[in-house]
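To start, the structure under review is shown below, and the notes come after it.
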Amino acid sequence: MTATQAFLDRLGITLPLIQAPMAGVSTPQLAAAVSNCGALGSIGVGASQPDAVRAQIQEVQSLTTSAFNVNFFCHQTPQRDEIKEKQWIDRSQPLFERMDANPPAELSEIYTSFRDTDAFLEVILDLRPSVVSFHFGLPKPHQMAAMRAAGLTLLASATSLDEARQIEASGCHGIIAQGWEAGGHRGIFDPQAADARTPAMDLVADLASRTSLPVIAAGGLMTGGDIARALAVGAAAAQLGTAFIGCSESVADTAYRERLALGGETVMTAAISGRPARCLSNAFTEWAGDIPAGEIPAYPCAYDLGKALNAAAKAQGVTTFGAQWAGAGADQARTLPAQELIHALMTELEAAI
Numbered sequence: 001m002t003a004t005q006a007f008l009d010r011l012g013i014t015l016p017l018i019q020a021p022m023a024g025v026s027t028p029q030l031a032a033a034v035s036n037c038g039a040l041g042s043i044g045v046g047a048s049q050p051d052a053v054r055a056q057i058q059e060v061q062s063l064t065t066s067a068f069n070v071n072f073f074c075h076q077t078p079q080r081d082e083i084k085e086k087q088w089i090d091r092s093q094p095l096f097e098r099m100d101a102n103p104p105a106e107l108s109e110i111y112t113s114f115r116d117t118d119a120f121l122e123v124i125l126d127l128r129p130s131v132v133s134f135h136f137g138l139p140k141p142h143q144m145a146a147m148r149a150a151g152l153t154l155l156a157s158a159t160s161l162d163e164a165r166q167i168e169a170s171g172c173h174g175i176i177a178q179g180w181e182a183g184g185h186r187g188i189f190d191p192q193a194a195d196a197r198t199p200a201m202d203l204v205a206d207l208a209s210r211t212s213l214p215v216i217a218a219g220g221l222m223t224g225g226d227i228a229r230a231l232a233v234g235a236a237a238a239q240l241g242t243a244f245i246g247c248s249e250s251v252a253d254t255a256y257r258e259r260l261a262l263g264g265e266t267v268m269t270a271a272i273s274g275r276p277a278r279c280l281s282n283a284f285t286e287w288a289g290d291i292p293a294g295e296i297p298a299y300p301c302a303y304d305l306g307k308a309l310n311a312a313a314k315a316q317g318v319t320t321f322g323a324q325w326a327g328a329g330a331d332q333a334r335t336l337p338a339q340e341l342i343h344a345l346m347t348e349l350e351a352a353i
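Encoded structure:
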């Protein structure tokens with residue numbers, strides 16, 4: 001048995017395909033549909049509190065007996081700056097006025113990091129999903145030890161060789177190599193560190209040759225041909241996110257789906273949430289323009305305002321201020337149920353090999 005096959009067996013899948021977690025878009029129905037096809041479905045719970053995480057895992061478990069992945073955020077505790085936050089609120093005032101609304105009086109830390117509480121760990125140890133993955137960093141050592149002792153398969157995202165080596169040393173079983181093309185938030189561990197912006201295929205090749213763990217390719221992958229290219233440079237599997245947004249099982253709203261169908265430019269911006277993230281260009285990204293990262297409040301506090309602005313805009317029938325995350329290959333997105341999309345991807349993969 002090859003090392004790659006052994007890794008796929010560990011993940012509990014027969015296809016070298018993982019549906020990216022995508023908090024706010026993925027659903028238990030999507031994850032189960034993907035897993036029932038032999039790939040690895042995922043739910044993104046980084047925006048949820050422990051009780052909601054429990055409910056989502058239980059719902060997936062009610063829909064499939066196959067393996068699936070639960071993804072958490074491990075972001076650093078934000079460095080709050082009251083003056084910067086007040087200036088950000090003031091800067092957004094004209095946008096809110098256009099929506100006949102007011103910005104929040106102050107910003108809140110709207111998401112809890114897996115690292116900052118053992119409440120999420122307790123849910124995981126109780127329900128035992130077979131695969132657990134992490135973004136923005138790694139759990140604390142005692143949390144890792146508990147999950148390894150429970151026999152769970154652990155993955156984490158890396159944007160660089162240094163992060164990959166931290167993942168390797170942590171006791172994880174695989175590395176998700178997140179290329180610059182990936183939609184959604186950059187998984188960079190230290191938000192103050194320089195980002196090498198390495199393309200997915202280059203990062204996969206580097207990590208596969210310089211670390212001991214299996215590597216999962218992520219970033220702008222939309223077709224079976226893309227999967228084939230990732231496998232050819234050393235990936236054990238490929239993780240696709242944007243490709244699944246158009247699936248009927250996702251909860252992307254109508255405006256998001258219509259904007260995705262139009263294709264066009266994606267941009268990397270920290271203005272929406274406080275961390276760099278790739279999304280479809282829209283009114284928010286145009287407003288943010290070239291605002292220096294140093295003027296944007298820390299994640300996830302900035303996201304508190306971003307979400308409030310989107311809610312105010314939607315109340316006025318304006319749908320161009322949302323966080324419409326998407327990868328660089330967004331113009332190749334298809335509108336298919338998950339099962340049909342996976343069939344198409346595997347047909348393309350077989351033709352490309």
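Using this note's numbering, the first residue of the sequence shown is number 1, and each one after it goes up by one.
For glycine and all other residues, C-beta sits at the position ideal for the given N, C-alpha and C.
Note that the coordinates shown come from a computational prediction; the quantities given were computed from them, not determined experimentally.
Which residues DSSP lists as bridging residue i, in chain order
i: N69; result: S42, V131
i: L155; result: S133, G174
i: A277; result: H185, T269
i: A237; result: I216
DSSP three-state assignment for residue i, whether helix, strand or coil
i: G184; result: strand
i: G174; result: strand
i: Q87; result: helix
i: A55; result: helix
i: Q316; result: coil
i: A298; result: coil
Span of the alpha helix (DSSP H), counted from its first residue to its last, around residue i
i: A20; result: Taken as a continuous stretch (DSSP letters only), A20 belongs to no alpha helix (DSSP H), as it is neither H nor E.
i: L30; result: 28-35
i: M144; result: 141-149
i: A3; result: 3-11
i: A339; result: The sequence shown places Gln at residue 339, not Ala. Here the alpha helix (DSSP H) through Q339 covers 338-352.
i: A208; result: 200-210
i: L231; result: 224-232
i: A283; result: 283-288
i: I245; result: 242-245
i: Y256; result: 254-262
Contact check, residue i vs residue j, beta carbons under 8 angstroms
i: I43; j: Q58; result: no
i: H75; j: F136; result: yes
i: V45; j: N69; result: no
i: P297; j: D90; result: no
i: A277; j: T285; result: no
i: G220; j: D331; result: no
i: V123; j: R54; result: yes
i: A39; j: L17; result: yes
i: L154; j: G171; result: yes
i: S157; j: A196; result: no
i: S62; j: L309; result: no
Spatial neighbours of residue i in its chain, beta-carbon cut-off 8 angstroms, leaving aside the 5 residues before and after
i: R257; result: I245, G246, T335
i: Q339; result: A33, N36, C37
i: A356; result: A query on residue 356 cannot be resolved here, the shown segment of the chain reaching from 1 to 353 and no further.
Beta-carbon contacts of residue i that lie in its chain and below 6 angstroms, excluding the five residues immediately before and after
i: A235; result: V204, V215, A217
i: E295; result: none
i: K84; result: P297
i: T319; result: A255
Unbroken beta strand (DSSP E) run spanning residue i, endpoints
i: V215; result: 215-218
CB contact check: residue i to chain C, cutoff 8 angstroms
i: V215; result: No chain C appears in this structure, which consists of one protein chain only.
Own chain residues within Cβ distance below 7 angstroms of residue i, not counting five before or after
i: A101; result: A312
i: F211; result: Per the sequence shown, residue 211 should be read as Thr rather than Phe. Same-chain partners within the cutoff: A164, R165, E168, I175.
i: P199; result: G179, W180, E181
i: I110; result: P300, Y303, D304
i: F73; result: G46, Y111, S113, F114, H135, F136
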